[in-house]
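To start, the structure itself, in structure tokens.
Number of protein chains: 2
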Amino acid sequence: MNKLSLRDRKKEATAHALAESAYQLALERGLDGFVVEDVVQRAEYSRRTFANHFACKEEAVVMAAMSFDGVEEAEAELAKMPENATPLDVLYRWLKLQFTADLFRKMRTLVSMSQQHPTLEPYILSLFRRLQREAQEALNELFAGRHPEGYTHLLIGAVYGAILPIIDGSLQVQLPGDQVDETPDVVSFDQYLDRSFGYLRDGF
Amino acid sequence: MNKLSLRDRKKEATAHALAESAYQLALERGLDGFVVEDVVQRAEYSRRTFANHFACKEEAVVMAAMSFDGVEEAEAELAKMPENATPLDVLYRWLKLQFTADLFRKMRTLVSMSQQHPTLEPYILSLFRRLQREAQEALNELFAGRHPEGYTHLLIGAVYGAILPIIDGSLQVQLPGDQVDETPDVVSFDQYLDRSFGYLRDGF
DNA sequence: GCGCATAATTGCACAATGGGCAACGATTTG
DNA sequence: CAAATCGTTGCCCATTGTGCAATTATGCGC
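First to last, the protein sequences are chains A and B.
First residue of the first sequence: 276, per this note's numbering; consecutive thereafter.
First residue of the second sequence: 276, per this note's numbering; consecutive thereafter.
Below you can see the structure in the form of structure tokens.
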């Protein structure tokens with residue numbers, strides 16, 4: 276179905292390798308502990324090629340840190356949903372499927388990195404914006420014409436807004452797959468999600 | 276009340292002058308039609324000083340393009356709101372007050388710029404994120420303890436999400452203060468806002 | 001008003017970056 | 001198989017970011 280040409284797969288592979296190298300180096304030495312030259316040496320590509328794929332090392336690091344996997348499984352699951360499911364239902368299910376402990380771990384790492392290096396934030400936000408656009412197109416396709424224009428924008432925006440403060444650490448929740456925190460009064464991600472969708476479903 | 280020291284006002288003045296120069300140059304020659312050197316020459320500062328205030332010219336341009344004015348008037352208006360106003364009411368009123376034709380014109384300009392130069396987008400998003408945080412703190416202070424944690428995050432996130440597609444052009448609405456478009460089937464900003472807040476108030 | 005602490009501006013130097021251009025090689029197309 | 005397409009690379013150079021130290025302007029206690 277989604278068949279990419281050999282050429283495109285290779286291109287993606289180099290981008291992936293470069294991003295991964297950048298991410299590993301960021302973990303090992305910190306964001307300013309390495310330069311693009313180090314990245315391309317590790318991945319065995321040229322500096323020029325790096326510039327063809329990424330604007331800067333920050334972009335590469337974020338790209339690697341936020342790579343989703345299991346997208347196709349999730350889409351298969353979503354396809355199984357009942358015919359009368361609402362956009363809200365689909366979004367809820369999608370969040371439950373995609374926001375795994377592993378993804379949260381990645382995001383946590385990225386967050387703590389971006390707290391020490393504010394240079395990262397714009398690129399994190401930019402990547403999230405791209406994901407948001409993709410989700411929107413998917414929803415628009417699923418529910419084409421069934422809701423007035425702007426409905427999905429608002430809905431996804433709300434969900435995006437609900438997730439963002441967790442990502443950037445301004446709202447502390449107990450993430451799935453984490454050890455139980457020393458402060459047991461923080462709400463769990465699932466509770467937070469349920470409550471949030473409650474507001475969206477029934478109004479504020 | 277908000278009295279800044281002379282030193283701080285001067286600092287802000289240089290930042291403003293630099294940002295303004297950058298913005299003007301971007302309008303005149305396009306984003307890649309000038310370099311930082313040009314900016315500091317026009318504003319009569321040194322290249323080093325520019326670097327003290329901004330990470331790059333993109334940041335400066337966005338800063339200038341999105342400067343809000345009339346914030347204090349808006350706050351005065353909000354203070355007059357009835358005691359039993361909900362966060363939703365306050366946000367609605369604030370949007371009506373702040374999102375003037377002038378601000379929209381600025382944002383439009385910035386959007387068309389960022390479509391030709393994707394480098395801008397991360398910095399636009401970053402600035403918006405900062406505004407979002409500020410709005411959130413303001414709301415949290417106003418309604419301290421009256422709503423569960425995450426309530427304002429979700430609410431402001433939704434509003435943010437509703438505005439964003441207008442900013443970035445993926446949702447076309449008739450902005451206040453614009454000529455009537457040649458395509459009369461686009462919804463007006465006020466209608467869009469009312470409908471959106473309807474969803475938020477009554478549920479999706 | 002007089003100094004001292006604080007902090008902004010500046011110049012300098014240098015490593016790092018971004019990107020145009022042309023060449024080369026792998027992949028795709030017909 | 002030949003031609004076209006496109007990713008990778010090297011070369012080059014203007015531009016950028018930043019640490020450091022000197023200079024200048026402001027804030028504050030006296």
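Using N, Cα and C, we set each Cβ at its ideal position, and we do this for glycine too.
C-alpha distance - B/Met276 paired with B/Asp283, whole-angstrom precision: Residue confidence is low: B/Met276 scores 46 on pLDDT, short of 50, so the model does not pin down where it sits. Its coordinate-derived value is still stated next. Going from the Cα of B/Met276 to the Cα of B/Asp283 covers about 15 Å.
Among A/Ser401, A/His392, A/Ala410 and A/Ser280, nearest to A/Leu370 - alpha-carbon criterion: A/Ala410
CB contact check: B/Gly436 to chain A, cutoff 8 Å: yes
Interface partners of B/Phe479 on chain A, CB under 7 Å: Leu363, Leu430, Leu475 and Arg476
Exposure of B/Lys332, with buried meaning 16 or more beta-carbon neighbours within 10 Å: buried
Neighbour-count burial assignment, B/Phe343, 16 or more Cβ in a 10 Å radius: exposed
Cβ shell of B/Ser463 (< 7 Å), same chain only, five flanking positions each side left out: Val448 and Gln449
Residues near A/Thr384 in its chain [Cβ-Cβ closer than 8 Å; skip 5 each side]: Leu302 and Ala340
Opposing strand residues paired with B/Ser463 [DSSP bridges]: B/Gln449
Minimum Cβ-Cβ distance from B/Val462 to chain A less than 8 Å: yes
Nearest-angstrom beta carbon gap, A/Met356 and A/Arg368 [assumed within contact, 8 Å]: 6 Å
The stretch 365-377 of chain A: positions lying closer than 8 Å to chain B by Cβ: none
Within-8 Å CB hit, B/Met276 to chain A: With a pLDDT of 46 at B/Met276, under the threshold of 50, the predicted position of this residue should be treated as unreliable, and no value is reported.
Contacting residues, own chain, Cβ-Cβ under 6 Å from A/Gly444 (five flanking each side not counted): Val386
Neighbourhood of A/Leu366 by C-beta distance below 6 Å, restricted to the same chain and skipping five residues each side: Val434
Interface flag, B/Gly425 vs chain A, CB-CB below 8 Å: yes
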